[in-house]
Amino acid sequence: MTMGCSTEIKLFSDPCYINICNGVRQGDTIAPKLFAVTLEILFNELDWDGGIRVDGERLTNLLFADDCVLFAHSGPELQDKLLQLQIESKKIGLEMNLAKMKWTRNSLCSESRINIEGQIIEEVGSYVYLGQQLSFTDNIVGEFSRRRNAAWSSFNRIRTSLLDANLPMKIKADLFHSTIVPACCMVPNVGR
Numbered sequence: 001m002t003m004g005c006s007t008e009i010k011l012f013s014d015p016c017y018i019n020i021c022n023g024v025r026q027g028d029t030i031a032p033k034l035f036a037v038t039l040e041i042l043f044n045e046l047d048w049d050g051g052i053r054v055d056g057e058r059l060t061n062l063l064f065a066d067d068c069v070l071f072a073h074s075g076p077e078l079q080d081k082l083l084q085l086q087i088e089s090k091k092i093g094l095e096m097n098l099a100k101m102k103w104t105r106n107s108l109c110s111e112s113r114i115n116i117e118g119q120i121i122e123e124v125g126s127y128v129y130l131g132q133q134l135s136f137t138d139n140i141v142g143e144f145s146r147r148r149n150a151a152w153s154s155f156n157r158i159r160t161s162l163l164d165a166n167l168p169m170k171i172k173a174d175l176f177h178s179t180i181v182p183a184c185c186m187v188p189n190v191g192r
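For the sequence shown, UniProt numbering begins at 1 and goes up steadily by one.
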């Protein structure tokens, strides 16, 4: 995979050429940074119209690590973007995980089916992005329920410490504020 690759480093004005013999392995500290830069370059190469307007700017996607959200005005526009993204991704050795892919729409978007490589992408009423449940309805009961469950889960992990009569109240308060309060404020999407 790295055969024939090289890089150039310039020290002042003198170039130094280096042949690359090994790639970056998963788990290396630089791997997520390289992946983020690669995705950024990939998305900058895509010449997409559409998206949504935010403060006068056109927004076609949100990127964070390996999670991305695409914006489109219709199902066919979204499918076109996904197909273009898939083609450009494959050119640089990346693959989209179609099994994890979901899509949602608001009431202004007509019903559609998104089909990539013969696989129908599941339409959902809400989804979790960066630990936040997102939905086009005003129903926030689901998000409150998720946060309440996360808080109880955090409480149950430290229950014995919080109920220990011999543990000073200061330590109990610190435990509460460092584990239960963050769970109420933001629920990480771990293991999905």
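By construction, the Cβ of each residue, glycine as well, lies at the ideal position given by its N, Cα and C atoms.
Please go through the same chain and pick out, in chain order, the residues whose beta-carbon is closer than 8 Å to the beta-carbon of L59, but skip the five residues on each side of it.
Your numbering for residue 59 matches position 59 in the sequence shown. The beta carbon of L59 lies closer than 8 Å to those of G51, I52, R53, F71 in the same chain, with the five residues before and after it left out.
Rounded straight-line distance, which links the Cα of A65 to that of G27:
In the sequence shown, the residue the question calls residue 27 occupies position 27. In the sequence shown, the residue the question calls residue 65 occupies position 65. Per the coordinates, the alpha-carbon of G27 lies some 14 Å from the alpha-carbon of A65.
Based on Cα-Cα distance, which residue from I9, L62, K172 lies nearest to A36?
Taking the first residue of the sequence shown as position 1, residue 36 is located at position 36. Closest by alpha carbon: L62.
Span separating the alpha-carbon of D174 from that of S126:
Your numbering for residue 174 matches position 174 in the sequence shown. Your numbering for residue 126 matches position 126 in the sequence shown. Spanning the two alpha carbons is a distance of roughly 34 Å.
Segment limits, beta strand (DSSP E) that includes N44:
Along the sequence shown, read from residue 1 onward, the residue named residue 44 stands at position 44. From DSSP, N44 is part of no beta strand (DSSP E) but of the alpha helix (DSSP H) over 31 to 45.
Of all the options K170, F43, L108, which has the alpha carbon lying nearest to the alpha carbon of S89?
Here residue 89 corresponds to residue number 89 of the sequence shown, with the count starting at 1. The shortest C-alpha separation from S89 is found at F43.
Beta-carbon proximity list for I116, same chain, < 8 Å, skipping 5 on both sides:
Translated into positions along the sequence shown, residue 116 becomes position 116. These residues qualify, in order along the chain: Q79, L82, L83, Q86, M96, L98, M101.
Report all residues from its chain with a CB closer than 7 Å to the CB of W48; omit the five preceding and five following residues, and keep chain order.
As a working mapping, residue 48 is identified with position 48 in the sequence shown. T60, K81.
Leaving out five residues on either side along the sequence, give the residues of the same chain with a beta carbon under 6 Å from the beta carbon of Q119.
Counted from its first residue, the sequence shown places residue 119 at position 119. If we look at Q119 and ignore the five residues flanking it on each side, its Cβ neighbours are L98.
In terms of residue numbering, what span does the alpha helix (DSSP H) encompassing L82 cover?
Within the sequence shown, numbered from 1, the residue matching residue 82 stands at position 82. Boundaries of the alpha helix (DSSP H) harbouring L82: 75 to 91, taken from the DSSP string.
Quick check on P168: does DSSP put it in helix, strand or coil?
Mapped onto the sequence shown, residue 168 falls at position 168. It is coil, neither helix nor strand.
Select from F136, R148, E57 the residue whose C-alpha is nearest the C-alpha of L108.
By one-based count along the sequence shown, residue 108 stands at place 108. Here the closest residue by C-alpha is F136.
For E111, which residues of its own chain have a beta-carbon under 6 Å away from its beta-carbon, when the five flanking residues on both sides are left out?
Reading the sequence shown from its first residue, position 111 is the one you call residue 111. Counting only Cβ-Cβ distances below 6 Å, and skipping sequence neighbours, we find nothing.
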